[in-house]
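Right, one structure below, let's go through it.
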Amino acid sequence: EAQVTQNPRYLITVTGKKLTVTCSQNMNHEYMSWYRQDPGLGLRQIYYSMNVEVTDKGDVPEGYKVSRKEKRNFPLILESPSPNQTSLYFCASSFMKGSNQPQHFGDGTRLSIL
Amino acid sequence: GDSVTQMEGPVTLSEEAFLTINCTYTATGYPSLFWYVQYPGEGLQLLLKATKADDKGSNKGFEATYRKETTSFHLEKGSVQVSDSAVYFCALTRSNDYKLSFGAGTTVTVRA
Chain B
7 EAQVTQNPRY
17 LITVTGKKLT
27 VTCSQNMNHE
37 YMSWYRQDPG
47 LGLRQIYYSM
57 NVEVTDKGDV
67 PEGYKVSRKE
77 KRNFPLILES
87 PSPNQTSLYF
97 CASSFMKGSN
107 QPQHFGDGTR
117 LSIL
Chain A
4 GDSVTQMEGP
14 VTLSEEAFLT
24 INCTYTATGY
34 PSLFWYVQYP
44 GEGLQLLLKA
54 TKADDKGSNK
64 GFEATYRKET
74 TSFHLEKGSV
84 QVSDSAVYFC
94 ALTRSNDYKL
104 SFGAGTTVTV
114 RA
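Listed in order, the protein sequences are those of chains B and A. Be aware that the first sequence starts at 7, since it is given in the working numbering, and climbs by one per residue. Be aware that the second sequence starts at 4, since it is given in the working numbering, and climbs by one per residue.
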């Protein structure tokens, strides 16, 4: 089954404790990205990657890191989480055959930073 | 920059009612337009899309027409069901760009 898998689905942690949210897709997609969803703001892009070892900032990259060592995986790293990073996070992927390609989303990771 | 504005919710309807969610956009060039749906506890799923002016996207009884003259992409369904209860997002991508720019989302609740 084609899917984007995120882990964990839920996490409560404390300020400053490094954490990683994993994302894996099994569709051989080139493009992967991370979004955060906040009430009244919709989804905003954090980082994206167009291929292995190619990453770039989205609209709200501060406080986040990513890596793309393998095509299928795109982890999101919070080196020193802060309460303003409490949010619902989504990983997405798509082929790069044109900007009208549908993006496939994971089920989300709800992070609470105390 | 690009932006998407959609009507604020929440919207509460009875089954078989007509649903419209307004969406307007600001973007340079000729963006592709999308409606995504998010069911409770799930990620976003593509509902429909349109890639050029006057295109009509349709799926599961939902329709939206790409209106360049009014920069709009309103979502409609003639007869909603309880299973249509979800959050609906209007979004766009610009040509040669894969980033989705989203509206704030509209929560729709359909009551039996």
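Note that the Cβ used here is the ideal one computed from N, Cα and C, for glycine as well. Note that the structure is a prediction, hence the values are computed from the model and not measured.
Through-space distance from residue j to residue i, alpha-carbon basis
i, j, result
"H35 of chain B", "T15 of chain A", "37 angstroms"
"T31 of chain A", "G4 of chain A", "8 angstroms"
"N106 of chain B", "S35 of chain A", "6 angstroms"
"S100 of chain B", "T8 of chain A", "24 angstroms"
"Y28 of chain A", "E72 of chain A", "11 angstroms"
"V66 of chain B", "S55 of chain B", "15 angstroms"
"S61 of chain A", "K103 of chain B", "22 angstroms"
"F21 of chain A", "S82 of chain A", "5 angstroms"
"V146 of chain B", "L49 of chain A", "A question about residue 146 of chain B goes unanswered here, because the residues of chain B that appear run from 7 up to 120."
"P45 of chain B", "Q41 of chain A", "14 angstroms"
"D57 of chain A", "T23 of chain A", "18 angstroms"
Residue i, buried or exposed, once every other Cβ within 10 Å from all chains shown has been counted against 16
i, result
"Q51 of chain B", "buried"
"C20 of chain B", "For the sequence presented, residue 20 of chain B should be read as Val rather than Cys. It is exposed - the Cβ of V20 of chain B has fewer than 16 other Cβ atoms within 10 Å."
"K116 of chain A", "It is not possible to answer for residue 116 of chain A, since the shown part of chain A is limited to 4 through 115."
"R1 of chain B", "The structure shown does not extend to residue 1 of chain B, since chain B is modelled only from 7 through 120, so no value can be given for it."
"G112 of chain B", "buried"
"I119 of chain B", "buried"
Range covered by the beta strand (DSSP E) that runs through residue i
i, result
"E79 of chain A", "L78 to K80"
"L84 of chain B", "L82 to L84"
"A67 of chain A", "F65 to T68"
"V1 of chain A", "Because chain A here runs from 4 to 115, residue 1 of chain A falls outside it and cannot be looked at."
"F21 of chain A", "Neither: F21 of chain A is in no beta strand (DSSP E) and is coded neither H nor E."
"D62 of chain B", "V60 to K63"
"Q9 of chain A", "S6 to Q9"
"F96 of chain B", "S93 to S100"
"V27 of chain B", "L25 to Q31"
Beta-carbon separation (whole angstroms), residue i vs residue j, contact threshold 8 angstroms
i, j, result
"G12 of chain A", "T110 of chain A", "4 angstroms"
"V72 of chain B", "L82 of chain B", "6 angstroms"
"G48 of chain B", "A107 of chain A", "5 angstroms"
"K55 of chain A", "Y33 of chain A", "7 angstroms"
"Q43 of chain B", "L94 of chain B", "4 angstroms"
"Q91 of chain B", "G64 of chain B", "Not quite, the Cβ-Cβ distance comes to about 15 angstroms (not below 8 angstroms), so this is no contact."
"S86 of chain A", "T112 of chain A", "About 12 angstroms separates the two Cβ atoms, so there is no contact after all."
Residues near residue i by beta carbon distance below 8 angstroms, same chain, minus five either side
i, result
"K75 of chain B", "V58 and E59"
"S75 of chain A", "N25, C26, T27 and Y28"
"K59 of chain A", "A53, E66, A67, T68 and Y69"
"T96 of chain A", "P34, S35, F37, K102, L103 and S104"
"T26 of chain B", "P81, L82, I83 and L84"
"A94 of chain A", "V7, L36, F37, W38, Y39, L103, S104, F105 and G106"
Same chain, Cβ closer than 6 angstroms to residue i, neighbours up to 5 away in sequence not counted
i, result
"M33 of chain B", "A8"
"E19 of chain A", "S82"
Contact set for residue i: own chain, Cβ-Cβ below 7 angstroms, skip 5 residues either direction
i, result
"R78 of chain B", "S30, Q31 and N32"
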